[in-house]
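Residue numbers (the UniProt record's numbering): 1 to 347. Contents: one structure, followed by commentary.
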């Protein structure tokens, strides 16, 4: 515990240096002073099977890290089941996609069930998937409400979402949680321009596909290439709303920062979003077993602070972040702590 607290204090102290100006503007606003954490015990009940990297232990590792006193100021809320979840899903996915999931997930005699070699469900997956969507809707509601005192939010959810395409379940992902939240923010809260920044080591092919022809959404992604799902080339630009900045195996913090500072962040500032959403995958960490990038905890804190800076400039600090990948448990815990700690420093 002493070692973990020391790391967290160092992380939060380094974040303070970069957020002194930001915290001043947030304090002046007076109506946005908390970071929201949304999660639920149902997320432990989604079980893709023995040996699967996207396992419930991921959330146990994160929960242990976020129990540190450094995170006592978090506003912790349960991810809800809501009457409008299916309506929200159908903004991003086809009716056949939803029907296919429901048919498989509610057929008790056919569970566990695999949609493909990577993506399986269990008896607890239906509720987990719906609550993962509900977490995003709930977080968007509070972040977009100036009376809520919520400046930004982290949705600690599983299953992840950024590989799910409009009509395809794949890559551990059932519904595209972040795409659903983006479309909900537009429909419910009138957000005209929503930016999605994805720093998972795997390209967010599903998010890109859903918004390929939607100029009201900016999608910016850093990712290792080549690597599953083998998309995300710089030439993939949609209607000039897609910015891909692929990295090579072995690249680390310097290359990551260069990609962000020369490609992603300039596009974000030019876009002037009304809301920033983050696909926060931590599998680009050097300690992750599924890829070969070499990011450290401090790199995740750095990009979080850069996104806070953009949010403070363009959209009143409004950010909602979604857990995506990250499969080395220690690396996942410490990098998530760095990310959430930076979010807290930005309020």
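Quick reminder that beta carbons are idealized off the backbone N, C-alpha and C, glycines included.
Whole-angstrom Cβ separation of residue i and residue j, contact assumed at under 8 angstroms?
| i | j | result |
| --- | --- | --- |
| residue 320 | residue 155 | 7 angstroms |
| residue 359 | residue 89 | One cannot answer for residue 359 here, as it falls past the ends of the chain, which runs 1 to 347. |
| residue 123 | residue 113 | With 8 angstroms as the limit, residue 123 and residue 113 do not qualify as a contact, their Cβ atoms being about 10 angstroms apart. |
| residue 36 | residue 340 | The pair is not a contact, with the Cβ atoms about 10 angstroms apart (cut-off 8 angstroms). |
| residue 252 | residue 294 | 4 angstroms |
Mark residue i as exposed unless 16 or more other C-beta atoms lie within 10 angstroms of its C-beta, in which case mark it buried.
| i | result |
| --- | --- |
| residue 306 | buried |
| residue 81 | exposed |
| residue 54 | buried |
| residue 140 | buried |
| residue 221 | buried |
| residue 335 | buried |
| residue 288 | buried |
| residue 72 | exposed |
| residue 254 | exposed |
| residue 110 | exposed |
| residue 201 | buried |
| residue 237 | exposed |
| residue 250 | exposed |
| residue 160 | buried |
| residue 304 | buried |
| residue 158 | buried |
Keeping to the same chain, check which residues put their C-beta closer than 6 angstroms to that of residue i; ignore five residues upstream and five downstream.
| i | result |
| --- | --- |
| residue 338 | 11, 297, 300, 301 |
| residue 211 | 217, 219 |
| residue 278 | 197, 321 |
| residue 314 | 272, 273 |
| residue 40 | 78, 79, 131 |
| residue 125 | 46, 105 |
| residue 185 | 140, 191, 194, 275 |
| residue 97 | 167 |
| residue 21 | Note that residue 21 scores 34 on pLDDT, short of 50, meaning its location in the model is unreliable and no value can be drawn from it. |
Within this structure, are the beta carbons of residue i and residue j separated by less than 9 angstroms?
| i | j | result |
| --- | --- | --- |
| residue 275 | residue 162 | no |
| residue 285 | residue 343 | no |
| residue 283 | residue 327 | yes |
| residue 165 | residue 206 | yes |
| residue 152 | residue 308 | yes |
| residue 129 | residue 172 | no |
| residue 84 | residue 142 | no |
| residue 239 | residue 213 | yes |
| residue 209 | residue 291 | no |
Tell me which residues share the same chain as residue i and place their Cβ nearer than 7 angstroms to its Cβ, disregarding the 5 neighbours each side in the sequence.
| i | result |
| --- | --- |
| residue 49 | 112, 120 |
| residue 311 | 276, 317, 318, 319 |
Within the segment 227-267, ranges of the alpha helix (DSSP H) (whole runs, at least 4 residues): 253-259
Uninterrupted alpha helix (DSSP H) stretches inside the segment 115-144 (no shorter than 4 residues): 125-144
Uninterrupted beta strand (DSSP E) stretches inside the segment 315-343 (no shorter than 3 residues): 319-323
Alpha helix (DSSP H) segments (min. 4 residues) lying fully within the segment 45-129: 57-66, 85-92, 95-105
3 or more residues per run - each beta strand (DSSP E) lying fully within the segment 160-237: 194-198, 217-224
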